[in-house]
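>
The following block contains the structure:
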């Protein structure tokens with residue numbers, strides 16, 4: 004059978020709703036669809052026996068044509084023993100031209116297993132996808148530690164790529180719907196190579212930057228004196244998450260989970276405040292889907308100002324204390340008005 008269409012792994016969250024990256028991948032697939040002769044977009048969902056009508060309807064709104072749902076009462080959460088095996092079975096039954104997964108823990112595991120089983124290539128952590136020469140998938144990803152980007156053509160089928168959350172925006176289409184195909188999989192036939200002993204929920208004192216509406220990020224300029232202490236003070240006043248550039252991470256001011264850019268995370272907050280960040284391309288890639296951007300930098304020629312909605316050319320050690328003071332004044336007024 005000739006490879007046809009785009010197959011996406013429909014990862015579910017703990018509440019059995021679609022992870023945002025799935026809707027983002029479907030949106031991108033719908034954009035690529037006319038370039039590969041309007042071939043179908045399929046989403047493979049693996050989960051428990053629940054009502055999937057809402058999920059199928061939601062997928063249709065973003066451009067999916069079909070949702071292949073493998074469900075069973077014994078499936079309660081992700082299981083590496085049989086989830087990748089199920090996905091490969093679906094990929095073999097409906098051979099796709101392109102396979103996309105989110106660059107999540109699940110997505111990466113399923114993508115690697117699938118590429119090995121189907122003897123094909125895989126481009127990981129892509130920052131863009133397009134259709135290139137000979138109608139092949141063109142995957143863009145960072146290389147050399149984020150200093151450069153590489154455009155990669157996969158000449159074997161299926162062509163595979165993983166993409167981080169928030170790299171693409173979710174965009175709904177008009178008057179589009181998806182149909183559901185239900186499949187059964189014998190879980191008992193899978194070899195139980197991994198036994199789950201316990202689940203430990205990871206705790207962090209830092210807000211999740213991927214789901215925050217406001218992010219305040221520090222760069223090289225904040226990596227001295229009390230720069231990040233001021234950023235954390237301002238974040239506390241505004242309810243923002245704290246993040247930073249690669250240099251801030253390498254110098255120990257933030258954790259890896261707080262790093263933004265090509266070698267970190269891609270974010271899409273409503274408001275992004277860049278403090279002491281020059282605006283190198285590898286960092287700008289990680290904030291391209293931000294709503295509004297405020298830049299604070301003492302170098303009036305810093306590249307970040309070309310991408311900012313509001314630019315403040317000044318010393319962050321003078322600007323941030325004034326912002327914190329103004330928020331204190333505002334909050335006191337609000338308390339008096341209650």
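Residue numbers (my numbering): 4 to 341. Glycine included, every Cβ here is placed at the ideal spot set by N, Cα and C.
Are residue 185 and residue 77 touching if we call contact CB-CB under 8 Å?
Position 182 of the chain shown, counted from the first residue, corresponds to residue 185. Position 74 of the chain shown, counted from the first residue, corresponds to residue 77. Going by C-beta atoms, residue 185 is not nearer than 8 Å to residue 77.
> Quick check on DSSP: helix, strand or coil for residue 262?
What you label residue 262 is simply residue 259 of the chain shown in a count that begins at 1. Looking at residue 262 - three-state DSSP - the assignment turns out to be strand.
> Just to confirm my understanding: we take residue 38, look at its own chain, exclude 5 residues before and 5 after, and list those with CB closer than 6 Å. What are they?
Translated into the one-based positions of the chain shown, residue 38 becomes position 35. Cβ contact annotation for residue 38 (same chain, cutoff 6 Å, sequence separation greater than five): 134, in chain order.
> Assign residue 119 to buried or exposed, taking buried as 16 or more other Cβ atoms, counted over all protein chains shown, within 10 Å of its Cβ.
Start at 1 with the first residue of the chain shown, and residue 119 comes out as number 116. Label assigned to residue 119: exposed.
> Under 8 Å, do residue 24 and residue 168 count as touching if we go by C-beta distance?
For the purposes of this step, residue 24 is taken as residue 21 along the chain shown, with counting starting at 1. For the purposes of this step, residue 168 is taken as residue 165 along the chain shown, with counting starting at 1. Result yes, Cβ atoms of residue 24 and residue 168 sit closer than 8 Å.
> Quick check on this structure: which residue in 85, 208, 161 and 200 has the alpha carbon closest to the alpha carbon of residue 192?
The residue given as residue 192 occupies position 189 in the chain shown. Considering only alpha carbons, the answer is 85.
> With a 10 Å radius around its C-beta and 16 neighbouring C-beta atoms as the bar for buried, classify residue 158 as buried or exposed.
Locating residue 158 in the chain shown gives position 155, counting from the first residue. A residue is called buried once 16 or more other Cβ atoms fall within 10 Å of its Cβ, and residue 158, having fewer, is exposed.
> Going by DSSP, what residue range makes up the beta strand (DSSP E) through residue 3?
As displayed, the chain neither begins before 4 nor continues past 341, which places residue 3 out of reach and without an answer.
> Just reading off the beta strand (DSSP E) that residue 10 is part of, what are its end residues?
Numbered from 1 along the chain shown, position 7 holds the residue referred to as residue 10. It spans 9–12 - the beta strand (DSSP E) in which residue 10 sits, taken as one unbroken run.
> Residue 126: which of 297, 244 and 106 sits nearest, CA to CA?
Here residue 126 corresponds to residue number 123 of the chain shown, with the count starting at 1. Taking residue 126 as reference, the option from 297, 244 and 106 with the minimal CA-CA separation is 106.
> If you run the structure through DSSP and keep just helix, strand and coil, what is residue 320?
Taking the first residue of the chain shown as position 1, residue 320 is located at position 317. Helix.
> Using CA atoms only, rank isn't needed, just tell me which of 34, 61, 181 and 6 is closest to residue 22.
Along the chain shown, one-based indexing puts residue 22 at 19. Just measuring C-alpha positions, the residue of 34, 61, 181 and 6 sitting nearest residue 22 is 61.
> So does the stretch 197–214 actually touch the stretch 232–244, counting three or more Cβ pairs closer than 8 Å?
Taking 8 Å as the limit for Cβ pairs, the verdict is that the stretch 232–244 does touch the stretch 197–214.
> How about the stretch 89–101 and the stretch 31–50: do they share at least three Cβ pairs that are nearer than 8 Å?
yes
> Kindly give me the distance between the Cβ atoms of residue 29 and residue 47, rounded to whole angstroms, as I take these residues to be in contact under 8 Å.
Within the chain shown, numbered from 1, the residue matching residue 29 stands at position 26. Within the chain shown, numbered from 1, the residue matching residue 47 stands at position 44. Incorrect: roughly 12 Å between the Cβ atoms, too far for contact.
> Is DSSP giving residue 141 helix, strand or coil here?
Residue 141 sits at position 138 when you count from the first residue of the chain shown. Taken through DSSP and simplified to helix, strand or coil, residue 141 comes out as strand.
> Return yes when the Cβ of residue 280 is within less than 8 Å of the Cβ of residue 220, no when it is not.
Translated into positions along the chain shown, residue 220 becomes position 217. Translated into positions along the chain shown, residue 280 becomes position 277. Closer than 8 Å, so yes.
> Give me the Cβ distance between residue 102 and residue 79, rounded to the nearest whole Å; I'm assuming they're in contact under 8 Å.
In the chain shown, the residue the question calls residue 102 occupies position 99. In the chain shown, the residue the question calls residue 79 occupies position 76. With a Cβ gap of about 25 Å, residue 102 and residue 79 do not count as contacting.
> Residue 92 by DSSP, collapsed to three states: which one?
In the chain shown, counting from the first residue as 1, residue 92 sits at position 89. Helix at residue 92.
> Would you tell me roughly how many angstroms separate the C-alpha atoms of residue 121 and residue 33, rounded to the nearest one?
The residue labelled residue 121 in the question sits at position 118 within the chain shown. The residue labelled residue 33 in the question sits at position 30 within the chain shown. Near 24 Å, if we compare the C-alpha coordinates of residue 33 and residue 121.
> Would you be able to state if there are at least three C-beta pairs under 8 Å between the stretch 290–303 and the stretch 197–204?
Not touching, per the Cβ criterion.
> Just to confirm, are residue 65 and residue 173 a CB contact at a threshold of 8 Å?
By one-based count along the chain shown, residue 65 stands at place 62. By one-based count along the chain shown, residue 173 stands at place 170. It is a contact, given that the beta carbons lie within the stated cut-off.
> Could you check what DSSP says for residue 65 in three-state terms: helix, strand or coil?
Locating residue 65 in the chain shown gives position 62, where the first residue counts as 1. Of the three classes helix, strand and coil, the one that applies to residue 65 here is helix, per DSSP.
> Considering only DSSP beta bridges, list what residue 154 is partnered with.
Translated into the one-based positions of the chain shown, residue 154 becomes position 151. DSSP, once it has assigned bridges, lists 143 as partnering residue 154.
> Going by the beta-carbon positions, is the gap between residue 298 and residue 283 smaller than 8 Å?
Here residue 298 is taken as the residue at index 295 of the chain shown, counted from 1. Here residue 283 is taken as the residue at index 280 of the chain shown, counted from 1. In this structure, residue 283 does not lie closer than 8 Å to residue 298 by Cβ.
> Hey, residue 67 and residue 251 are a contact pair by Cβ (cut 8 Å); roughly how many whole angstroms apart?
Along the chain shown, read from residue 1 onward, the residue named residue 67 stands at position 64. Along the chain shown, read from residue 1 onward, the residue named residue 251 stands at position 248. About 38 Å; that fails the 8 Å criterion.
> Classify residue 332 as helix, strand or coil using the three-state DSSP reduction.
By one-based count along the chain shown, residue 332 stands at place 329. Helix.
> Nearest by alpha-carbon distance to residue 303: which of 109, 316, 88 and 198 is it?
The sequence position of residue 303 within the chain shown is 300, counting from 1. Here the closest residue by C-alpha is 316.
> Within the present structure, is the beta-carbon of residue 81 separated from the nearest heavy atom of the ligand MG by less than 7 Å?
This structure lacks the ligand MG; in fact it carries no ligand of any kind.
> Using the three-state DSSP reduction, which class does residue 300 fall into: helix, strand or coil?
By 1-based counting over the chain shown, the position of residue 300 is 297. Strand.
> If I measure Cβ to Cβ from residue 326 and keep anything under 7 Å in the same chain, skipping five residues before and after, which residues do I get?
Counting from 1 along the chain shown, the entry for residue 326 is found at position 323. Here the set comprises 237.
> Using DSSP bridges, identify the partner residues of residue 275.
Your numbering for residue 275 matches position 272 in the chain shown. DSSP output for residue 275 lists 218 and 296 as bridge partner(s).
> Leaving out the 5 sequence neighbours to the left and right, which residues in its chain are closer than 6 Å to residue 257 when beta-carbon positions are compared?
Numbered from 1 along the chain shown, position 254 holds the residue referred to as residue 257. Cβ neighbours of residue 257 beyond the five flanking positions: 247 and 251.
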